[in-house]
Amino acid sequence: MTLDRISLVIPPVGPWRDQQRWYRWAEQVGYDVVYTYDHLTHATAPGLWLSEAFTTLTAAAAVTERIRLGTLVASAVFRTPVTLARVAMTVQDVSGGRLVLGLGMGAPTCALADHGTRESPAEMSARFADVVRGYRAVLGGTTEWEGRTTSFRGLETLPAPGGVARPELLLAAHGPRALALAAAYADTWNSYGGPGSTQLEAEEYWALLAQQARGFDEACRAADRDPAAVRRSLLLGFGRVRPTTSVDEYLTAAERAAALGFTELVVYAPESPAGMDSDPAVHERALARLR
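For the sequence shown, the numbering used here gives the first residue as 1043, with consecutive numbering after it.
This is how it looks when you write it as structure tokens:
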């Protein structure tokens, strides 16, 4: 396979007046999607301001024209099906259909920050599945729905504005249960490797991604779905594989991602917390080589 989408994640750190220039720059240099993430708190941003994801994307829609806008990823630990559908369809409407709705299980620290309890992996997994299925139920026009961990009823409003299609649904998945969920419902499957992968050396990391890709193939077949029908997205840069350190590293990462069947590569923006800063010229030269 070859990459058909090269994208950027801009952490929602700092005021909008500082973030917005990177959204404009991403569009100008030729990125396909620009993502932000959806955290209430994060270990890479102590003492910093984190803006709200969907509000940020709404603002980004006003300063861009072509580039798609996404969450990588919205957090199931503090999103509910009805409110998720409402904010997603609002951004989809405002942006002219440019939203990529990325959704993931979320982080225990965000659950603690939102409602004061630390959820177990099993509880988070069950909630993730409910939020995905409940979100789809809302967009399908259902007025009431019951899941294991969350439910809704008495929904009297429309699921979407007239003439606005539902956005692409990207699901982040690493373990068997999440991979099965993505295989059943996602338009796009995304991985960064999963918890613990950030400490792996490069060859171990790529071997893990190959194993995950095989696992996703198996999950698609179990769901009676063609594995080739689902886009595959890879986020790089949070671990020891740092593609934006040089043009050669960027091109090598793109080649290896494509060889594993990924069709989208996502890298971090030039100004990122936790030491992920990079030279904008590296991005620009690498994109020129990859197009």
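Every residue, glycine too, gets a C-beta built ideally from N, C-alpha and C.
Of the listed residues 1305, 1147, 1188 and 1179, nearest to residue 1169 (C-alpha basis): Indexing the sequence shown from 1 puts residue 1169 at position 127. Ranking the options by Cα distance to residue 1169, first place goes to 1147.
Cβ neighbours of residue 1048 in the same chain (closer than 7 Å, five flanking residues each side left out): As a position in the sequence shown, residue 1048 is number 6, starting the count at 1. Same-chain partners within the cutoff: 1073, 1074, 1307, 1329 and 1332.
Can you list, in chain order, the residues of its chain with a C-beta nearer than 6 Å to that of residue 1310? Leave out the 5 residues immediately preceding and following it. Residue 1310 sits at position 268 when you count from the first residue of the sequence shown. Excluding residues within five positions, the ones whose Cβ falls inside 6 Å are 1051, 1279 and 1318.
Residue 1272 beta carbon less than 8 Å from that of residue 1240: Taking the first residue of the sequence shown as position 1, residue 1240 is located at position 198. Taking the first residue of the sequence shown as position 1, residue 1272 is located at position 230. For residue 1240 and residue 1272, no; Cβs fall outside 8 Å.
Which residue's Cα is closest to the Cα of residue 1160: 1129, 1120, 1136 and 1251? The residue given as residue 1160 occupies position 118 in the sequence shown. The candidate whose alpha carbon is nearest that of residue 1160 is 1120.
I want to know whether the stretch 1220 to 1239 touches the stretch 1259 to 1269 - three or more CB-CB distances under 8 Å. yes
Write down every uninterrupted run of the alpha helix (DSSP H) in the stretch 1112 to 1148 whose length is 4 residues or greater and which is fully enclosed by it, in chain order. 1123 to 1136
Would you mind working out which of 1218, 1109, 1326 and 1131 sits nearest residue 1286, comparing C-alpha positions? Against the sequence shown, residue 1286 aligns to sequence position 244. It is 1326.
Looking at the unbroken beta strand (DSSP E) that takes in residue 1275, where does it start and where does it end? Locating residue 1275 in the sequence shown gives position 233, counting from the first residue. Per DSSP, residue 1275 belongs to the beta strand (DSSP E) from 1273 to 1277.
Report buried or exposed for residue 1080, applying the criterion of at least 16 other Cβ atoms within 10 angstroms of its Cβ. If you number the sequence shown from 1, residue 1080 lands on position 38. With 16 or more Cβ atoms within 10 Å of its Cβ, residue 1080 is classed as buried.
Within 10 angstroms of the Cβ of residue 1143, are there 16 or more other Cβ atoms? Answer buried if so, exposed if not. What you label residue 1143 is simply residue 101 of the sequence shown in a count that begins at 1. By the 10 Å Cβ count, residue 1143 comes out buried.
Beta-carbon spacing of residue 1106, residue 1095 below 8 Å: Within the sequence shown, the letter at position 64 stands for residue 1106. Within the sequence shown, the letter at position 53 stands for residue 1095. No; because the gap between Cβ atoms is not below 8 Å, this pair is not in contact.
Residues that residue 1108 bridges to, as DSSP identifies them: For the purposes of this step, residue 1108 is identified with residue 66 of the sequence shown, where counting begins at 1. Looking at the DSSP assignment, residue 1108 forms no beta bridge with any residue, so it has no partner.
If you measure between the beta carbons of residue 1082 and residue 1152, is that distance less than 8 Å? Counting from one through the sequence shown, the residue named residue 1082 turns up at place 40. Counting from one through the sequence shown, the residue named residue 1152 turns up at place 110. A contact, by the Cβ cut-off of 8 Å.
List in chain order: all unbroken beta strand (DSSP E) runs of 3+ residues lying wholly within the stretch 1249 to 1331. 1273 to 1277 and 1306 to 1310
Relative to the alpha-carbon of residue 1113, which residue among 1140, 1179 and 1191 has its alpha-carbon at the smallest distance? Residue numbering aside, residue 1113 sits at position 71 when the sequence shown is read from its first letter. Of the listed residues, the one whose Cα sits closest to residue 1113 is 1140.
Residue 1197, DSSP secondary structure in three states: To locate residue 1197, count along the sequence shown from 1; it is residue 155. Of the three classes helix, strand and coil, the one that applies to residue 1197 here is coil, per DSSP.
Which whole-angstrom value describes the C-beta separation of residue 1055 and residue 1322, a residue pair presumed to lie in contact below a C-beta threshold of 8 Å? The residue labelled residue 1055 in the question sits at position 13 within the sequence shown. The residue labelled residue 1322 in the question sits at position 280 within the sequence shown. Their Cβ separation, rounded to whole angstroms, is 17 Å, which puts residue 1055 and residue 1322 out of contact at 8 Å.
Beta carbon of residue 1134 nearer than 8 Å to that of residue 1209: Position 92 of the sequence shown, counting from 1, holds the residue named residue 1134. Position 167 of the sequence shown, counting from 1, holds the residue named residue 1209. Cβ distance < 8 Å, so residue 1134 and residue 1209 count as in contact.
How many Å lie between residue 1282 and residue 1324 at the Cα? As a working mapping, residue 1282 is identified with position 240 in the sequence shown. As a working mapping, residue 1324 is identified with position 282 in the sequence shown. In a straight line, the C-alpha of residue 1282 is about 18 Å away from that of residue 1324.
Please list, in chain order, all residues of the same chain as residue 1197 whose beta carbon is under 8 Å from its beta carbon, the five residues on each side excluded. Here the question's residue 1197 lines up with position 155 in the sequence shown. Excluding positions up to five away in sequence, the list reads 1124, 1180, 1184, 1185 and 1186.
Taking the Cβ atom as the reference point for each residue, do residue 1076 and residue 1111 lie within a distance shorter than 8 Å? If you number the sequence shown from 1, residue 1076 lands on position 34. If you number the sequence shown from 1, residue 1111 lands on position 69. Yes, the Cβ-Cβ distance between residue 1076 and residue 1111 is below 8 Å.
On the criterion of 16 or more Cβ atoms from any shown chain inside 10 Å, does residue 1061 qualify as buried, or is it exposed? Along the sequence shown, read from residue 1 onward, the residue named residue 1061 stands at position 19. Residue 1061 is buried by the Cβ-count criterion.
Considering Cα atoms alone, identify which of 1288, 1098 and 1188 is closest to residue 1175. Translated into the one-based positions of the sequence shown, residue 1175 becomes position 133. If we check each option's Cα against that of residue 1175, 1188 comes out closest.
Could you say which of 1064, 1297, 1117 and 1294 lies nearest to residue 1313 if we only look at CA atoms? Within the sequence shown, numbered from 1, the residue matching residue 1313 stands at position 271. Among 1064, 1297, 1117 and 1294, the Cα nearest to that of residue 1313 belongs to 1064.
Can you grab the Cα-Cα spacing for the pair residue 1085 / residue 1053, in whole Å? The count along the sequence shown starts at 1 and reaches residue 1085 at position 43. The count along the sequence shown starts at 1 and reaches residue 1053 at position 11. Taking the straight line joining both Cα atoms gives about 13 Å.
Alpha carbon to alpha carbon, what distance is there between residue 1302 and residue 1266? The residue labelled residue 1266 in the question sits at position 224 within the sequence shown. The residue labelled residue 1302 in the question sits at position 260 within the sequence shown. Distance between the alpha carbons of residue 1266 and residue 1302 is about 21 Å.
List the DSSP bridge partners of residue 1076. As a working note, residue 1076 is residue 34 in the sequence shown. Bridge partners of residue 1076: 1050 and 1111.
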